[in-house]
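Using numbering that gives the first Met the number 0, the letters of the sequence shown correspond one by one to residues 0 to 428. All C-beta atoms, glycine included, are put in the ideal place defined by N, C-alpha and C. The structure under discussion appears below in the form of structure tokens.
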Amino acid sequence: MVELNRQSASALARMIRAGETTASAVMGAHLDRIAAREAEVGAFVYLDTERAMELAEAADRQPARGLLHGVPFAIKDIIDTQDMPTACGSDLFAHRRPTRDAACVRKMLDAGAIPLGKTVTTEFAYFRPGKTANPHNLGHTPGGSSSGSAAAVADGMAPLAFGTQTAASLIRPAAFCGVCAFKPTTDTFDVSGVLPLAPSLDTLGFLARQPDDFGLAYAVMTGSPLPAPGAFADRKPRIRLMRGPHWQEGSPEMREVVARAMRILSEHGAETGEVDHPPLFRELTDAQKAVMAYEAASTHARLYDENRAGVSDQFAELVEAGRRITTEQYRAALDMRDRAKPLAEALFADCDALLMASAPGEAPQGLGSTGDPLFSRMWTLLQLPAVALPLGTGPQGLPLGIQLVGRRGGDERLLAVAQWAHDRFAASA
């Protein structure tokens with residue numbers, strides 16, 4: 000028997016369109032899982048199950064009107080929704096009701112997708128955790144800031160969910176929860192109606208069970224054609240390992256899963272090798288921290304000044320740190336980013352994707368922190384696309400994974416590499 004709440008969004012869309020199932024059956028399977036597990040996992044901050052089922056039943060009475068007709072999706076709670084509150088992980092916004100949907104939500108609705116609810120985010124998509132636990136072990140963090148979205152997808156509550164990334168907020172929770180994540184090239188998706196944190200870094204993306212969902216989501220978000228199958232029918236992908244400047248700061252299990260991934264891809268015919276990071280890349284993590292703090296302090300200056308007692312210590316420290324950064328220091332960090340961009344582009348002269356760690360290791364114990372964003376900061380600063388893929392478990396039985404990074408604007412090629420790699424990982428399981 001097919002477990003509808005364990006299928007990918009792409010599979011569900013095909014099944015609904017073919018008459019093999021219905022939107023209401025799909026929604027019912029996910030709502031049943033939410034009823035069974037939400038009290039423990041805490042993935043959602045807002046749910047209206049009756050409304051979700053009403054929309055699914057209405058979809059069954061209508062002809063298919065888009066690529067995601069009848070497919071449920073979840074929405075990170077920094078993304079505006081007209082029919083649901085958007086609290087941004089803060090008590091300050093607990094009763095905020097937007098007057099319109101964010102542009103990304105509207106595109107999903109136009110494609111026939113059905114909103115399930117709003118998923119937990121850290122406060123203002125920064126570091127203070129919400130209530131969400133890791134579905135694989137409730138005593139461990141799910142990562143952040145897209146905590147609820149990652150947990151909901153991992154636990155079978157939603158097949159597809161919006162997330163965002165300013166440092167590592169898609170890739171890290173995907174790694175900790177054992178799901179896939181897609182962070183596109185910055186500015187690929189319209190962020191109108193999405194709470195900003197640091198605008199030059201903020202990137203809207205997705206979490207899903209299978210990477211083929213990202214091609215579907217990409218088509219919905221951009222209006223581009225669906226990706227053609229068999230992208231590497233004529234040649235195998237060229238994938239290079241990059242250990243990066245923080246390699247020694249990761250755990251032994253992180254290093255082993257990266258090595259294992261490269262072995263599997265090589266055994267299946269990928270053209271593999273290793274590249275060193277340019278020396279300038281050693282400075283990019285600190286540059287990302289400076290840019291994020293400076294832009295966050297500027298973006299949220301009024302909110303912070305008027306509500307200091309209502310924000311967390313973590314967010315206050317970010318704003319205060321940003322205010323200590325001079326305009327000259329901020330511009331120097333951006334200049335460093337701009338000098339590094341052609342160096343990054345050169346890395347892809349003879350490869351389709353770079354492979355590296357997605358997180359330092361398994362999800363840390365405790366819910367007071369969302370883990371270290373170390374392994375994604377520089378790629379987010381460079382505005383490059385990235386895909387997280389799960390691969391096995393560590394010594395505590397928690398998920399591990401890798402990330403693939405592509406050239407700026409090369410999202411479709413990166414997604415094709417990710418699908419090829421994911422299929423080979425599955426074949427080797």
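Whole-Å CB distance - residue i paired with residue j, under 8 Å assumed
i           : j           : result
residue 414 : residue 210 : 7 Å
residue 295 : residue 197 : 5 Å
residue 230 : residue 66  : Contact doesn't hold; Cβ gap of about 19 Å is too wide.
residue 350 : residue 220 : In fact, because the Cβ distance is near 26 Å, the residues do not count as touching under 8 Å.
residue 281 : residue 344 : The Cβ separation is near 18 Å, so there is no contact.
residue 322 : residue 273 : With a Cβ gap of about 41 Å, residue 322 and residue 273 do not count as contacting.
Option in the options with minimal Cα separation from residue i
i           : options            : result
residue 30  : 100, 12, 187, 55   : 55
residue 199 : 19, 309, 286, 399  : 286
residue 70  : 77, 338, 79, 57    : 57
residue 399 : 10, 157, 382, 259  : 259
residue 60  : 256, 111, 45, 49   : 111
residue 374 : 77, 214, 401       : 401
residue 99  : 93, 114, 80        : 80
residue 151 : 42, 270, 237       : 42
residue 19  : 33, 165, 32, 3     : 3
residue 428 : 256, 76, 381       : 256
residue 380 : 284, 89, 297       : 284
residue 236 : 92, 135, 270       : 270
residue 341 : 325, 135, 392, 382 : 382
residue 208 : 17, 317, 173       : 173
residue 96  : 76, 114, 311       : 76
Beta-bridge pairing of residue i - partner residues as DSSP gives them
i           : result
residue 445 : Outside the shown range of the chain, which is 0 to 428, sits residue 445, and nothing can be said about it.
residue 118 : 43, 75
residue 179 : 207
residue 139 : 364, 365
residue 237 : 270
C-beta atoms of residue i and residue j nearer than 8 Å
i           : j           : result
residue 390 : residue 354 : no
residue 45  : residue 116 : yes
residue 144 : residue 168 : yes
residue 347 : residue 388 : no
residue 329 : residue 362 : no
residue 147 : residue 185 : no
residue 213 : residue 203 : no
residue 165 : residue 101 : no
residue 386 : residue 179 : yes
residue 132 : residue 366 : yes
residue 72  : residue 26  : no
residue 176 : residue 128 : no
residue 267 : residue 244 : no
Closer than 7 Å: residue i CB and nearest the ligand ATP heavy atom
i           : result
residue 246 : For the ligand ATP, the structure offers nothing, since it holds no ligand at all.
Continuous beta strand (DSSP E) assignments of at least 3 residues falling wholly in the segment 382-426: Whole beta strand (DSSP E) segments, 3+ residues: 385-392, 398-404.
Considering only residues of the segment 239-326, which uninterrupted alpha helix (DSSP H) runs meet the minimum length of 4 residues and lie entirely inside it, listed in chain order? DSSP runs (the alpha helix (DSSP H)) wholly in the segment 239-326: 251-266, 283-298, 300-305, 312-323.
In chain order, what are the residue ranges of uninterrupted alpha helix (DSSP H) at least 4 long that sit wholly in the segment 324-379? DSSP assignment within the segment 324-379 yields the following whole alpha helix (DSSP H) runs of 4 residues or more, N-terminal first: 326-346.
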